[in-house]
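Worksheet: the structure to be examined is printed underneath.
Protein chains: 2
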Amino acid sequence: MRVSQFFLSTLKEAPTEAELVSHKLMLRAGLIKRLGSGLYSWMPLGLKVLRKVENIVREEMDRAGAIELLMPAVIPAELWQETGRWDVFGPQMLKIRDRHEREFCFGPTHEEVITDVARREIKSYRQLPINFYQIQTKFRDEIRPRFGVMRAREFVMKDSYSFHADRASLEQTYEVMYQTYSRIFTRLGLKFRAVAADTGAIGGSGSHEFHVLADSGEDAIAFCPSSDYAANVELAEAVSPSAPRPAPTQPMQKISTPGKHSIEQVCEYLKVPAEKTVKTLLVEGRDGGVVALLLRGDHELNEVKAGKLLQLPEAVRFASDAQILAAAGCRAGSLGPVGLNIPIIADRSVAVMSDFVCGANEDGYHLTGVNFVRDLPELKEVVDIRNAVEGDPSPDGKGILELCRGIEVGHIFQLGNKYSSAMNATFLDESGKDRVMEMGCYGIGVSRIVAAAIEQNHDARGIIWPPSIAPYELAIVPIGMGRSELVKDTVNKLYADLKAAGIEVLLDDRDERPGVMFADMELVGIPHRIVVGERGLKEGNLEYQGRRDEKAQAIALNSVLEFVQSKLCED
Amino acid sequence: MRVSQFFLSTLKEAPTEAELVSHKLMLRAGLIKRLGSGLYSWMPLGLKVLRKVENIVREEMDRAGAIELLMPAVIPAELWQETGRWDVFGPQMLKIRDRHEREFCFGPTHEEVITDVARREIKSYRQLPINFYQIQTKFRDEIRPRFGVMRAREFVMKDSYSFHADRASLEQTYEVMYQTYSRIFTRLGLKFRAVAADTGAIGGSGSHEFHVLADSGEDAIAFCPSSDYAANVELAEAVSPSAPRPAPTQPMQKISTPGKHSIEQVCEYLKVPAEKTVKTLLVEGRDGGVVALLLRGDHELNEVKAGKLLQLPEAVRFASDAQILAAAGCRAGSLGPVGLNIPIIADRSVAVMSDFVCGANEDGYHLTGVNFVRDLPELKEVVDIRNAVEGDPSPDGKGILELCRGIEVGHIFQLGNKYSSAMNATFLDESGKDRVMEMGCYGIGVSRIVAAAIEQNHDARGIIWPPSIAPYELAIVPIGMGRSELVKDTVNKLYADLKAAGIEVLLDDRDERPGVMFADMELVGIPHRIVVGERGLKEGNLEYQGRRDEKAQAIALNSVLEFVQSKLCED
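Chains as they are written, first to last, in this note's numbering: chain A, 1 to 571; chain B, 1001 to 1571.
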C-alpha cells in the first residue's frame, strides 16, 4: 500500500485522556478514534491489526474442529429471564426497548442464545459433542470505561460454546481448547500464561484465564519460570515449608510496646524482622462465633482461601472491636494466640515458627520468644490461608514462584449444566433417555488483544508489533523521492517486486522530511524498514533496520528480496 | 468438510411463518434460525454464504481504492442531533439509554459518525478525495419485520462514504462506485439492473439503486433488454410517440352513458378499446386552483412526475367532488376536456390521439369522435405525466421497455453537502480557504443479498447457488459407505484429492439413505454433485450431476479431477 492512497493519521502527542501506554500509542498511531465514552472507531491501520488477530483466532478454532456461526447482537429479554440473568447481570447489561416496548439487550455474552439454538437443534447423542463459535461485536456498559479498547464498552470478542453428552467429553474439549488457546497466543507472538482461575460470575467449575504478561496488567499472577505452573495470586497454593520447626532457644517475655499496633511498628520497636512475628486476625466463623487466624507477620491473609476454609457463604467478615474485646480482652493491635480461648487456625508457615513475637492480649504489650507446645498448645488446624509470595516454592515442585502482572485476554470454563438445565437443553442418550447436556464456554477478547500486544511490545518511539499481527510487514522509506529519479524508479520497482513476492509493504510515498517518515513508521510499529536514498544507491546499497535493532545496516540492492525474505523467516 | 464434523440441519417443511421462497428455503436448509422478530442467527452453512458475499464486496471495494474501517454500532445521540436526524429518523431507529441515562442508538446508518471522523481527520484538499467503507451489523426497528433476512431488523451492511473537494470529484467517485457495484453483482452471479432512483429519505441528489431481478421483488422496474437502461417505473420516462396525430374521421357525438363512470365501464358499453379514450383527472394546483390532467384511458397517472411538474411541495391532491362540480358542472365519472375552462395539461400520448372518447362534463353522458383543434383548442401543455408501460420505447432510443420486479440490494447516492455542512466538515482548499466537503454514500445489503440470490435461483427441490457464493462447490454422496470398503476407500481418496486441488468439498459421510442425502444436497444448493456407488465403481465410473442438470452422467474415476476442474471453470 502506498501511504498516499491509504489513510495514515498520526499525532505528535496523545490526548490527555489516555493513561495507559497502549491507549496513548493507539491514539497517536491513529489506530483508533474515540467516538464517545468507551466507543472507538477502528481506523484503517487499526482494523488491519484487528483482522489479523481475528484471522489467527478463526484459523485455530477451525483447526480445533469448532464451527463458526453468527448470533444476533440484540437478544430478547425472555431468554435471559429463563436463566434468571436478566435481573442479576446488573447495569453492565445494556438494556433496550424496541418500538413495541418489548425488552432486549445488546448481548454482553451469548450463553442463553446458543443454549436456545442447541436445545432446538440437538436431539441425539449422535450430534454431540459440538463446539460453536462466533467473532462478534459485544457491549458491556462499564461504569468507568477507560484505557481505550482495553476496557471499552463496545468490543470484539470470540466466544465459543461446546455441548456434550457427559463430563468426560466436556473435559476432553476443554483440553483441546486449552491447547488451541496456547497455540493462538503463541502465533500472535505474545508472552502469555494460562492461569488456573476462580470461576467468577458466569458460574460452573474448572476454568483457566489466559493472560498476556505486561507490567500494566490488572491481575497479579504467580508463576514458575521453570515449569508451566501459573495461577492468579489469589488462587496460588502456598505450600508447606519443607524445613521442620526449630527448637525453642529463648524464654517467653512480656514487653511493653506502648502505641505499637501494626506489625511494622512492633518490628521496628523490637528490632525483629517481620518473619519472626505472628499476626493474629479474628474473623467471624460460620456459626457467628469468632475464630483466630494466625499468619506470619510478613504474609497476607488470602480471603478467598479463608472463606472457603470456614465454609462462609459470602466474604470473610473481620470481628468488630467489641467482639475482639470480648474474646481476647484487648484491642486488635495487641492480639496473640497465647491463652486465647477460641478456635485457632494457623497458616502453614506459622506452624514451623519458634521464638516468635506476638501480641500479649493486653493493650500495650507484646510477647517475645514464644514457642508452641511450651507456651501455648500445639496447633490443631494448619492450613493454607495466605497469598503466595515471590520466592515461595512452586506448588508443582518444579521451582520457585515469581510474581508478575497480566492482562486477561482469554478465559475457558467448564460450565457444566448451569445453563442447559435452566433452559432444559436435553438430548436422547444411547439408551433413549432424556439427559441434560454438559457445556463449556471459551472467550477471547479480540479487540483487547491489540492493546495487550502493545502493552507488551513498545518502546519510547512507539509500537513494536509482533510480526504476525503487524499491519504491514515492511516499510519502504524513500529519501528525496520528489527530487531524484533514481530513488523514485528504484523505490517503485522495489515496491512492485516485494509485493509480487507476497510481502505486505507500506511505501511512504509522501515525500515528507525523512525524520517525519522515520518517526511515523516507528510509531505505527512496522517490524522491518528499508530506506532508499540516492547516496547509498550510487554504491548499490539500501539501508535496513529492524524495529528492535539499535542501528541500521547497509544491504545490497541486488539481493534485497532474499535479504527481506530471510528476515521475515526469522520472525 | 465432512458432514459428520459439520453442522447440517435441514427441515422437511418450512415453518408456517415463512411466506417468501427464500425465507422458506433458508429455514429449511438450516442457513438461519429465528431468535426473535426480525432477529436471526446465521448458522454455519448460512454464514459461509454470507462471508463469501462479504469477501467479494470487500475485494471489489479495495480494488476501487476504498479504505476499510469499522465504526461503533452504538452511536451517541448528540451526533444525530447535529443533523436533526435524531428527531426525524422515526421509530426505525432503535434508541438506547445507557446506565448514566445518556442517549444512544444502534446505528441504522453511519453518515453522522463518518462525517465526524472526516471533520476531525481531514484538514486539507491534499487528503481528498477519500472513500471509507465498513462491513457491519446494523439495526432498523422495522414495524413489521418479515421475509427472514430480506427485511430483518438486525442485518449486515456494507456502507461507504466518500469525501471530496468538489462536485466533479464526487461525480468521478460515484462513477467508480457504479462500476464497482456492477462488478460486485456480476461476480456474485446475479442478474441485476442499476436503476436511476429517487433519492428518498437520506437526501441529496443523483442516485442509483441496484436491483436483483426476481418475481417476488418489491419494486417495479422498467428496463430495456437491448441496452443498459433501467429505471424505477415511477421514474422511467414515457417518451413521445413518434407517429403524428391522425386526421379526424368521425364527427363528435354526445352519447348517453347512464351509470358508466369508469373507463372500463365506458369502453365495454361503447365497445371501444381503452387506448381510444381520454381520462380527465382534476387535481389541485400550487396556487390552490384546479388543473385538469389528460391521460390515455389505459395509462396511469405518475404522481411523482405530476407533483414535480406542478411544483407541489407534497403529494398530488385530487380535487374534491365539490371542486369538480364547481369546475366542470358534473361528477368525476363524466369529466372531459371539451369546453373545460381550467388549465389543461396533457400527457404526451394524448397529444397524438384523434377520434377519441371522453366525458361530456354532464352526468351520464360521454362524447365520441372528439378531435383537438376541431372540437376543443389545441393542447398548450404536453408533458410526461404517466407511468411507463411494457412496450413503450426505451428513453435511450435503443429498444422497447419491459417491466420486471427487483429486490433492492445496493444504493449509491451523491449526497452533496447535506451532512458536511450541517456538521461543519470543512477543509482548506488550494488557496487556503475553508470549504465544505462534498459527500457520496454507497450501501450494499450484504445479508439481504443471500436471500435475493435465492429468490432468483431456486427450483422445487431447493436452492441453486451461484457458484461464487455457494457454501461448498461440490458435494460427494457415497452410496453404502458403511457396507462397502471399495466405496469408502474411493470416497476418502477422492475427498482428499479434490481438497488438495483447492476445491471446496462437502462429503456427506452420514451413511444415510441415498434419497435423504440427495434431497439435502439439492436443498442446500451445492452446485456440483458426485455420487460414488459400488455398481459404478466396478466399471470404473462415478456419477456427476450439476445442480441445474436434468440428468446425471457417468464419468471415469481416473479423470474425475480434470472433469470437476473443467466444470468449475465453466461457472
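We put the CB at the ideal spot given by N, CA and C, even for glycine.
query, result
"Closer than 7 Å by beta-carbon distance: list the chain A residues that pair up with B:Tyr1005, in chain order.", "It should be pointed out that residue 1005 of chain B corresponds to Gln in this sequence rather than to Tyr. Simply Gly65."
"Could you give the distance in angstroms between the alpha-carbon of B:Phe1007 and the alpha-carbon of A:Val409?", "28 Å"
"Looking only at its own chain, which residues have a Cβ that is under 8 Å from the Cβ of A:Glu314, when we skip the five neighbours before and after it?", "Gly307"
"Are A:Leu39 and A:Gly462 close, meaning C-beta to C-beta below 7 Å?", "no"
"Are any of the Cβ atoms in chain A nearer than 7 Å to that of B:Ser1009?", "yes"
"Does A:Asn424 pass the burial test, meaning 16 or more other C-beta atoms within 10 Å, or should it be called exposed?", "exposed"
"At 8 Å on the CB atoms, spell out the chain A contacts of B:Met1150, in chain order.", "Chain A residues near B:Met1150: none, gap ~16 Å exceeds 8 Å."
"Smallest Cα separation from A:Val290: which of A:Thr257, A:Leu340 and A:Lys260?", "A:Leu340"
"With B:Leu1188 and B:Ser1468 assumed to form a contact (beta carbons below 8 Å), what rounded beta-carbon distance in angstroms separates them?", "6 Å"
"Can you tell me the Cα-Cα spacing of B:Arg1099 and B:Gln1311, whole angstroms?", "48 Å"
"So, with DSSP's three-state summary, where would you put A:Gln253?", "strand"
"Given that B:Trp1042 touches chain A, what residues does it touch there, using C-beta distances under 7 Å?", "Leu69 and Leu70"
"Using a C-beta to C-beta distance shorter than 9 Å, which residues of chain B count as neighbours of A:Val117?", "Lys1033, Leu1035, Ser1041 and Met1043"
"Between B:Arg1435 and B:Asn1417, what straight-line distance do the alpha-carbon atoms span, to the nearest angstrom?", "10 Å"
"Expressed to the nearest angstrom, what Euclidean distance is found between the alpha-carbon atoms of B:Gly1107 and B:Ala1220?", "29 Å"
"Quick one: list the residues of chain A neighbouring B:Pro1076, beta-carbon separation under 8 Å, in chain order.", "Leu35, Gly36 and Leu39"
"Just list the residues that DSSP pairs A:Val389 with in beta bridges.", "None; A:Val389 has no bridge partner."
"Measure how close the beta-carbons of A:Leu542 and A:Ile530 come, nearest whole angstrom, since I'm counting them as under 8 Å.", "5 Å"
"State yes or no: is the beta carbon of B:Ile1096 nearer than 7 Å to at least one beta carbon in chain A?", "yes"
"With a threshold of 7 Å between beta-carbons, can A:Glu543 be considered close to chain B, or not?", "no"
"Using a Cβ cut-off of 7 Å, pull out every chain B residue sitting near A:Ile444, in sequence order please.", "What A:Ile444 touches in chain B: nothing, since even the nearest Cβ is about 18 Å away."
"Do the segment 488 to 504 of chain A and the segment 68 to 76 of chain A meet, that is, are 3 or more Cβ pairs less than 8 Å apart?", "no"
"Identify whether B:Phe1006 lies in helix, strand or coil by the three-state DSSP scheme.", "coil"
"So, does the segment 215 to 231 of chain A touch the segment 242 to 260 of chain A, judging by three or more C-beta pairs under 8 Å?", "no"
"Taking the straight line between their C-alpha atoms, what separation do you get for B:Val1195 and B:Phe1155?", "23 Å"
"Can you list, in chain order, the stretches of the beta strand (DSSP E) that have 3 or more residues and sit fully within the segment 1386 to 1449 of chain B?", "1402 to 1416, 1426 to 1428, 1434 to 1436 and 1438 to 1445"
"Which residue wins for smallest C-alpha separation from B:Ala1332, given the options B:Ala1346, B:Cys1358 and B:Ser1349?", "B:Cys1358"
"If you draw a straight line from the alpha carbon of B:Ser1240 to that of B:Met1157, how long is it in whole angstroms?", "40 Å"
"Would DSSP call A:Cys569 helix, strand or coil?", "helix"
"Which runs of the alpha helix (DSSP H) fall wholly inside the segment 1053 to 1102 of chain B and span at least 4 residues, in chain order?", "1077 to 1083 and 1085 to 1088"
"From the DSSP output, in three-state form, read off B:Val1352 for me.", "helix"
"Nearest to B:Asn1558 by alpha carbon, out of B:Thr1137, B:Leu1498 and B:Thr1280?", "B:Leu1498"
"A:Gln5 to A:Gly445, Cα distance in whole Å?", "31 Å"
"Look at the alpha carbon of A:Ser205 and the alpha carbon of A:Leu415, and state the distance between them as a whole number of angstroms.", "For A:Ser205, the predicted model reports a pLDDT of 49, less than 50, meaning its position is unreliable; a value from the coordinates is still stated below. Rounded to whole angstroms, A:Ser205 to A:Leu415 spans 6 Å at the Cα level."
"Would you call the segment 292 to 303 of chain A and the segment 268 to 280 of chain A in contact, with 3 or more CB pairs under 8 Å?", "yes"
"Taking C-beta pairs closer than 7 Å, name the residues in chain B that A:Asp141 reaches, listed in chain order.", "Asp1098 and Arg1099"
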